[in-house]
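Heads up, my numbering is the position in the sequence shown plus 49, with the first residue counted as 1.
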Amino acid sequence: MLILFIICLSLGTNALPAPNKLHKITKGLCDKEDELAKISCMSVREHEQIWGGMLKYQSAYPLNSVLIKQAVEHIAREELRKALNLPPPHPWGHYNSTEPSDAELASAPTIEAYFDLKEPRLLSHSLDNTYFFEHNFPPAIEFLDRRVPVIRTIFNCRFSKVRPLDSAGVTDKKTIDRMVDEFSNIGTVSNRVKERLFDFQCVFNNL
Numbered sequence: 050m051l052i053l054f055i056i057c058l059s060l061g062t063n064a065l066p067a068p069n070k071l072h073k074i075t076k077g078l079c080d081k082e083d084e085l086a087k088i089s090c091m092s093v094r095e096h097e098q099i100w101g102g103m104l105k106y107q108s109a110y111p112l113n114s115v116l117i118k119q120a121v122e123h124i125a126r127e128e129l130r131k132a133l134n135l136p137p138p139h140p141w142g143h144y145n146s147t148e149p150s151d152a153e154l155a156s157a158p159t160i161e162a163y164f165d166l167k168e169p170r171l172l173s174h175s176l177d178n179t180y181f182f183e184h185n186f187p188p189a190i191e192f193l194d195r196r197v198p199v200i201r202t203i204f205n206c207r208f209s210k211v212r213p214l215d216s217a218g219v220t221d222k223k224t225i226d227r228m229v230d231e232f233s234n235i236g237t238v239s240n241r242v243k244e245r246l247f248d249f250q251c252v253f254n255n256l
């Protein structure tokens, strides 16, 4: 019953966009719509493997419906930093919702220091995540990289359009600002991936 409830809830929150938004969404997916459409739903075994065989399907499914979406967001963070020639995301700390002041941003001594101030802060990627520990994410990310590699392809495409990959390093703070703005629009990708991996009809066919 829990799985039925979550499936119905997902259907309600993933309604199709209005027709006038379809072109914008397709562009945001870097013309990889066909590849995303070919993604099949997760099998019972895949749900259990993400948890190292510690959870059976009935327990793993509702957790994975949250974990997978957050893992896609984590991949986006990795690709954002990679596009800016910066190190991987820092280890988790406690969530801090305080926005940096103009003075702090102006006095940032390096581009990396500036990005650390501007980097999107997500509660789901902090020690205050009420669902998961940081060590729960690598298995989910490894699964997505193996099963849905197009996720990184799309993020790489989107970020490289804001900052071309052949440019020689990040030279100004405005580039950082544009990249952070682009990150704020990743919901289209994470929602589409979740729709496919947890497809209503496919899930029922595999029960």
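In this text, a Cβ means the ideal position worked out from N, Cα and C, and glycines have one as well.
Quiz prompt | Identity of the residue in 113, 81, 82 nearest residue 93 by Cα | solution = Ranking 113, 81, 82 by Cα distance to residue 93 puts 113 first.
Quiz item: residue 115 to residue 203, Cα distance in whole Å?
Solution: Taking the straight line joining both Cα atoms gives about 21 Å.
Quiz item: Looking at the unbroken alpha helix (DSSP H) that takes in residue 224, where does it start and where does it end?
Solution: Its alpha helix (DSSP H) spans residues 222-232.
Self-check item: Rounded separation between residue 195 and residue 225 - CA only
Solution: Rounded to whole angstroms, residue 195 and residue 225 show a C-alpha spacing of 29 Å.
Quiz item: Between the region 179-198 and the region 157-164, do three or more beta carbon pairs fall short of 8 Å?
Solution: No, because fewer than three Cβ pairs between the region 179-198 and the region 157-164 fall closer than 8 Å, the two stretches do not touch.
Quiz item: Taking the C-alpha atoms as reference points, what is the distance between residue 126 and residue 254?
Solution: Their Cα atoms are separated by approximately 34 Å.
Self-check item: Cβ shell of residue 212 (< 8 Å), same chain only, five flanking positions each side left out
Solution: Excluding sequence neighbours, residue 212 sits near 132, 133, 219, 224, 227, 228.
Quiz item: Could you check where the alpha helix (DSSP H) with residue 205 kicks off and where it finishes?
Solution: Per DSSP, residue 205 belongs to the alpha helix (DSSP H) from 199-211.
Self-check item: chain D within 8 Å of residue 96, Cβ atoms only
Solution: Given the protein chain composition of this structure (a single chain), no chain D is represented.
Quiz prompt | residue 187, DSSP secondary structure in three states | solution = DSSP places residue 187 in helix when its eight states are reduced to three.
Practice problem: Could you have a look at residue 73 and say whether DSSP puts it in helix, strand or coil? | Solution: For residue 73, the pLDDT reaches just 42, beneath the cut-off of 50, and the residue's location in the model is therefore unreliable, although a value from the coordinates is still provided. Helix at residue 73.
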